[in-house]
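Student:
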Amino acid sequence: MTRALMLSQLESTAEWDIVIIGGGATGLGSAVDAASRGLKTLLIERADFAKGTSSRSTKLVHGGVRYLAQGNIKLVKEALRERGYLLKNAPHLCTTQPFIIPVYSWFDRLFYGIGLRVYDLLAGKLSLGNTKILSAKQTIETLASVKTQNLKGGILYYDGQFDDSRLAIDLAYTASAQGATILNYVSLLGFEKEAKKINAILCKDEISGKTYSVKAKSFINATGVFTDHVMKLDEEDRENIVSPSQGIHLVVSHSFFAGNNAMMVPKTADGRVFFAVPWHREVVLGTTDTAVDKISAEPKPMEEEIDFIIEHFNKYNTVPIERKDVQSVFVGLRPLVKVSGTNSTSLLSRDHTILVSVSGLVTITGGKWTTYRKMADDAVNNALFISKQQKRVCKTDTLKIGDPEKRLALINKIVEEDAGFSKQLHENFPYTIAEVIFAIRYELAATVEDILARRTRILFLNARVAKELASFVAGLLAKELGKDEEWEKVQVKYFSELAEQYIPSMEG
Ligand SMILES: Cc1cc2nc3c(=O)[nH]c(=O)nc-3n(C[C@H](O)[C@H](O)[C@H](O)COP(=O)(O)OP(=O)(O)OC[C@H]3O[C@@H](n4cnc5c(N)ncnc54)[C@H](O)[C@@H]3O)c2cc1C
């Protein structure tokens, strides 16, 4: 994948079968789906791939134990099936993760024990391992720092875990390997219509400033919490359908939560699920569910959300954390679809929604990372139907995502240019300089943030370390992309300010 190749494809194609707007899980999944069906496919993303919600998840590939408690069997079953496909098709990025629910009443032990056995049964052949009811002693053995007072036991169950933005990059790679043209830093400006039907989009390359009118037969809007904005470019007085809900995560050192098992608390004070999950040798704690009015590409945590996570972790864990221990705080916005008469976002549907406008625009939103493949299948089916294109069968249930061997071979080739490229970027993280150069050359990374937030995950794992690395990474980018010193300075300044937002204030 190189930008020059993608741009030349954009310029030389007279008409596309399908244009997808938005490069998060849903849009990238749709591009893989459409291209693998043989459609001439273009995807545009106005920032970087997974810059939005898709890099800010809890990193779980899951059926959603909570939806089971709500009785939404269909949603759970579908997600468990998708979990199975994802673990098979992207084993280098998605793995099985053991979870323990510590229980402090005999009722909970029975209730969650039975519930999780049902969860297993619903997964059928795609189950990741048998649920076990643990004694208090076994619970302490598997979750070393769990609070032991009144502990009645625990439930061990298995779910999936993944690296969200790395999966997004591998979906982009897979889509392009299947023949799609995939461009980050190209934003949708508007739609062009003939007889009230959209026949082209107007878009802008944010790097060169050049605008393009791009003709296509069908159009998918997969812009997450920005869905309403894009729908209004199509129909000015359209009512909003998205109710954004903010969720934050804190990342702390593994030393506060030793071992490889994750902890899951099914019901916090506000009725949410709370997780502590080992991830890339650190621990992710989350999350919250706060209805918000303002949509931003870089949402900020609320002080009370940070306090909430610290309080809840300390309630269940014997090694307490304070604000100063937080290495990074990252925030995502859920694109939940509005249901009239509902005030709480934790009650809104986690299922996905597809809307087709009079102009033929297919909008897909809601859902979750785990179900992106099914969402893409539905979106592409709708787009083909609406635009009266020939029906083609979806092939993604068995399609491998990414090509880790090829990636490694190319990274090794970069090391042959200079043995120094095999050095780690930072002693605490496995990422090498060669990986960064690879990301610039072949994964469309164009900024310091692309490298430190989404090609590697250092910003999410330790914002202070990420800030320290900004200048070095800017130097690598400038050399590879032929940029001057002024560009480097702007990059470092922008990224340093961004990284500050991932470090919580000490006072609260
Ligand atoms: C706190 C939290 C935790 C979560 N945890 C999990 C989890 O553990 N497991 C799970 O399965 N799911 C989880 N989810 C849900 C999951 O992350 C989302 O459902 C999914 O990432 C949404 O992807 P998307 O592609 O629809 O939206 P996004 O990822 O937001 O992508 C939309 C893209 O559209 C682009 N865009 C917007 N406007 C334009 C324009 N005009 N032109 C071009 N591009 C544009 C944006 O830049 C953005 O990149 C979580 C969500 C949150 C908020």
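Count along the sequence shown from 1, then add 1494; that gives the number in the numbering used here. A virtual CB, placed ideally from N, CA and C, is assigned to each residue, including glycine.
At a threshold of 7 Å, does W1981 count as lining ligand 1 (C-beta to nearest heavy atom)?
Tutor: no
Student: May I ask whether a heavy atom of ligand 1 can be found less than 7 Å away from the beta carbon of V1941?
Tutor: The identity of residue 1941 in the sequence shown is Thr, whereas the question assumes Val. No.
Student: In whole angstroms, what separates the C-alpha of S1629 from that of I1608?
Tutor: 15 Å
Student: Where do the N-terminal and C-terminal ends of the beta strand (DSSP E) with G1648 fall, by residue?
Tutor: 1647 to 1656
Student: So is the beta-carbon of K1553 under 7 Å away from any non-hydrogen atom of ligand 1?
Tutor: yes
Student: Who are the Cβ neighbours of I1908 in its own chain at under 7 Å, not counting the five residues just before and after it?
Tutor: F1915, A1928, I1931, F1932
Student: According to DSSP, simplified to helix, strand and coil, what is V1736?
Tutor: strand
Student: Sort K1961, A1710, N1624, Y1606 by Cα distance to E1509 and report the nearest one.
Tutor: Checked all of K1961, A1710, N1624, Y1606; the closest Cα to E1509 is A1710.
Student: Taking 7 Å as the cut-off, is the beta-carbon of T1642 closer than that to any non-hydrogen atom of ligand 1?
Tutor: no
Student: Out of Q1995, V1513, E1937, which one is the CA nearest neighbour of N1693?
Tutor: V1513
Student: Quick check: the Cα distance between V1736 and S1851, rounded to an integer number of angstroms?
Tutor: The alpha-carbon separation between V1736 and S1851 amounts to approximately 16 Å.
Student: Find out if the Cβ-Cβ distance for the pair R1886, L1878 is shorter than 8 Å.
Tutor: yes
Student: Would you say L1682 touches ligand 1, meaning its beta carbon is less than 7 Å from a heavy atom?
Tutor: yes
Student: Look at the alpha carbon of L1574 and the alpha carbon of K1568, and state the distance between them as a whole number of angstroms.
Tutor: 10 Å
Student: Count Cβ pairs between the region 1781 to 1801 and the region 1815 to 1833 that sit closer than 8 Å; are there 3 or more?
Tutor: yes
Student: Whose C-beta lies closer than 6 Å to the C-beta of N1939 among residues of the same chain, with five residues either side of it excluded?
Tutor: Residue 1939 is actually Ala in this sequence, not Asn. Closer than 6 Å at Cβ, skipping near neighbours: A1933, I1945, R1949.
Student: Just mark N1583 as buried or exposed, buried being the case when its beta carbon has 16 or more other beta carbons within 10 Å.
Tutor: Counting Cβ neighbours within 10 Å, N1583 comes out buried, since at least 16 surround it.
Student: Determine the direct distance from the alpha carbon of Y1613 to that of L1562, and round the result to whole angstroms.
Tutor: The alpha-carbon atoms of L1562 and Y1613 are separated by roughly 8 Å.
Student: Over what stretch of residues does the beta strand (DSSP E) that includes K1626 continue unbroken?
Tutor: 1626 to 1628
Student: What would DSSP say about F1769, mapped onto helix, strand or coil?
Tutor: strand
Student: CA-CA distance, V1874 and I1627?
Tutor: 42 Å
Student: Flag this pair as touching only if the region 1543 to 1562 and the region 1680 to 1696 have three or more C-beta atom pairs under 8 Å; answer yes or no.
Tutor: no
Student: Which word fits T1496, buried or exposed, when buried means at least 16 other C-beta atoms lie within 10 angstroms of its C-beta?
Tutor: exposed
Student: Just confirm the distance between the C-beta atoms of S1822 and L1992, as a whole number of angstroms; I'd bet it's less than 8 Å.
Tutor: Contact doesn't hold; Cβ gap of about 12 Å is too wide.
Student: Let me know the secondary structure DSSP gives I1789 once reduced to three states.
Tutor: coil
Student: Using 7 Å as the cut-off, classify the Cβ of K1545 as near or not near the heavy atoms of ligand 1, replying yes or no.
Tutor: True, at least one ligand heavy atom lies under 7 Å from that Cβ.
Student: Quick one: what does DSSP say E1505 is sitting in, helix, strand or coil?
Tutor: helix
Student: CA-CA distance, S1747 and Q1503?
Tutor: 45 Å
Student: Among all the DSSP beta bridges, which residues are the ones paired with N1566?
Tutor: Per DSSP, none; premise fails for N1566.
Student: Give me the DSSP bridge partner(s) of V1698.
Tutor: In the sequence on display, residue 1698 carries Lys and not Val. K1698 is bridged to S1681, T1705.
Student: Confirm the yes/no value for this check: CB of R2003, any heavy atom of ligand 1, distance under 7 Å.
Tutor: Because the chain here runs from 1495 to 2002, residue 2003 falls outside it and cannot be looked at.
Student: Strictly under 8 Å for the Cβ-Cβ distance: is I1538 near chain D by that measure?
Tutor: Structure shown: chain D not included; a single protein chain is present.
Student: Does the beta-carbon of T1836 have 16 or more other beta-carbons within 10 angstroms, so that it is buried, or is it exposed?
Tutor: Confidence is the limiting factor: at T1836 the pLDDT is only 49, short of 50, which leaves the residue's position unreliable and the question unanswerable from this model.
Student: So for R1575, helix, strand or coil by DSSP?
Tutor: Three-state result, R1575: helix.
Student: What does a CB cutoff of less than 7 Å around N1624 pick up in its chain, not counting 5 residues either side in sequence?
Tutor: A distance below 7 Å between beta-carbons, with the five flanking residues on each side excluded, links N1624 to the following residues of its chain, in chain order: D1614.
Student: Whose C-alpha, out of S1639, F1768, E1962, is nearest the C-alpha of A1752?
Tutor: S1639
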